[in-house]
Amino acid sequence: MPSSEVFKKFKHGKLHSGGPNGPVVTNPKQAIAIELSEKRTEDANGGIYPEHRNPLEGKRRRRK
1 MPSSEVFKKF
11 KHGKLHSGGP
21 NGPVVTNPKQ
31 AIAIELSEKR
41 TEDANGGIYP
51 EHRNPLEGKR
61 RRRK
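Quick note: the sequence shown uses the working numbering, first residue 1, plus one each step.
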């Protein structure tokens, strides 16, 4: 997720730490840490953050 998207969520109070049900992030430094962590994960996965990946990609189809 790009930094602008992280800070947009942070400013609107929709950025959560530890997942969608985690506590809301209130510290801008924590938002920066989340952004850097997501960037690191994105770089490790070839430029795609896992939550944006197509769930059907890479799975085999079963023949009838």
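A virtual CB, placed ideally from N, CA and C, is assigned to each residue, including glycine.
### Message
Buried or exposed for E5, going by 16 or more other Cβ atoms inside 10 Å?
### Response
Numbered from its first residue, the sequence shown carries residue 5 at position 5. E5 is exposed by the Cβ-count criterion.
### Query
With 16 as the cutoff for other CB atoms within 10 Å, does V24 come out buried or exposed?
By 1-based counting over the sequence shown, the position of residue 24 is 24. Using a 10 angstroms sphere on the CB of V24, the tally of other CB atoms stays under 16, which defines it as exposed.
### Task
Kindly indicate if chain C contains any beta-carbon less than 9 Å away from that of G19.
No chain C appears in this structure, which consists of one protein chain only.
### Query
Which term fits L36, buried or exposed, when burial requires 16 or more other beta carbons within 10 angstroms of its beta carbon?
Residue 36 sits at position 36 when you count from the first residue of the sequence shown. Around the beta carbon of L36, fewer than 16 other beta carbons lie within 10 angstroms, which makes this residue exposed.
### Task
Just mark A44 as buried or exposed, buried being the case when its beta carbon has 16 or more other beta carbons within 10 Å.
Locating residue 44 in the sequence shown gives position 44, where the first residue counts as 1. The residue is exposed, with fewer than 16 neighbouring Cβ atoms inside 10 Å.
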